[in-house]
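Numbering (our numbering), first residue to last: 17 to 366.
Yeah, the Cβ is synthetic: ideal placement off N, Cα and C, and Gly gets one too.
Below is one structure; the comments refer to it alone.
Here you go:
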C-alpha cells in the first residue's frame, strides 16, 4: 500500500467524521475572546475567515525526488506489541543557547534495539516539557509501541514561543532546538536520522515555524489548535516580551515568526511537505488562525489535511487528537528513505 493510498483511506474516514460535525457557523461564533486568564487585552478580529464549507481532501505530497513510498501491509508501520508499552527517559543538558539546563522526556518502545525515527511533540503556554506526560502518558506509550517511533517532549518554556528573542538573551529556543536538542537526541538514542514535528497551541506555532524556517529538517508537520498567526494576537500570551511591541522595527520579527506569513512565502517548499492541521469548533483562541491558514493553502493549491471537530482549547481535545497526529507522522517517517548523509543541518536563523 502506498502512502497516498493509505491516506486516501484516512482522509475518507476522518473527512466523513468532520463533514458530519462541521457546518457553517453563525456570525457570533467568530467573536475573538481575550485569551487565557492572564491576558486582559483582546486579540484582533480583522480579516476573519469564512467558515469552511468542506474539508480539504487533496492528496498529500510525495517529497520531491522520492518515488511513491511503500508502506508495510498494515499501513504506517503499525504493529501488535504485547507486554510493557514503552520506557520513559528523562534527559537534560546545559544549553549554551538558553544559558540553562534544559530537560526533555523521550518515550521509547520497550526493548527497542532498532534505529527509529523521532517525533518532537511540543507543549503550549503555561506548560513545560512535563505536560504531555502528565496528561497523556498512557496514550503516548501505546502509540510509540504501536508505530515503533520515539516521541520526544522538549522544554520550550511557558512563554518562549520556540523562537530566538532579540530582547531576551537566554530565550534562544530556536537555536537550542535545532543545534543542541536534535543532536543530543541522536547521540543518546538509536535514531535513523528522520524526524517530524507536532505541537498544541503555542507548540503548534512552534512546529510550523521551525519547519518553515528550516526546510528539509522535518519530514512532516502538524498542529493541534495552533496559534498560526501571532500577528493577530499582539497583546496576548506575553508575545511582546519575546518579539517586542508590534510596531516599528519589531514588526518584521513578528512576521518572520508567523506560520501564516511563512506559508505565504514558502510555496515551493510546502508543496512537498506533508501537513496536518486540526482545530476544535469551539476553540475561541485559535480557530480563526487555523481557518486562515487552511484558506491560504487552498488558495495556493497546496495539499494538506485539515479537520474541525467538536471541542475546545483544552486537554480533552488534544488527547483525543493525538492518535491521529502520531499515525500521520508515523506514515511519513517510515515510508521515505532517509538521506544517506543524514538530515539537513539548520542554518543560523538570525
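Here residue 109 carries a strand assignment [DSSP, helix/strand/coil]. If you look at residue 117, you'll find it in the beta strand (DSSP E) that goes 116 to 125.
As DSSP reads the structure, residue 325 sits in a beta bridge with 296.
Here residue 199 carries a helix assignment [DSSP, helix/strand/coil]. For residue 243, the CB contacts under 7 Å within the same chain, skipping 5 residues up- and downstream, are 217, 218, 220, 221, 249, 302, 305 in chain order. Listed in chain order, the non-local C-beta contacts of residue 345 below 6 Å within the same chain comprise 135, 212, 236, local neighbours out to five positions each way being set aside. Secondary structure note for residue 136: its beta strand (DSSP E) is the uninterrupted segment 132 to 138. Taken through DSSP and simplified to helix, strand or coil, residue 335 comes out as helix.
Between residue 226 and residue 190, the CB-CB gap stays under 8 Å. For residue 306, the enclosing alpha helix (DSSP H) has its first and last residue at 303 to 315. DSSP, reduced to helix, strand and coil, places residue 210 within a strand of the structure shown. In chain order, 244, 275, 276, 279, 293 place their CB closer than 7 Å to the CB of residue 309, counting only its own chain and leaving out the 5 sequence neighbours on each side. The three-state secondary structure of residue 188, taken from DSSP, is strand.
The beta-carbon distance between residue 338 and residue 152, rounded to whole angstroms, is 6 Å. This is short enough to meet the 8 Å contact definition.
Between residue 340 and residue 165, the gap from beta carbon to beta carbon reaches 8 Å or more. Taking a C-beta distance under 8 Å as the contact criterion, residue 132 and residue 170 do not qualify as a contact pair.
Taking 8 Å as the cut-off, the Cβ atoms of residue 286 and residue 270 do not count as close.
The three-state reading of DSSP puts residue 258 in helix, counting H, G and I together. If you ignore the 5 residues before and after residue 142, its C-beta comes within less than 6 Å of the C-beta of 174, all in its own chain and listed in chain order.
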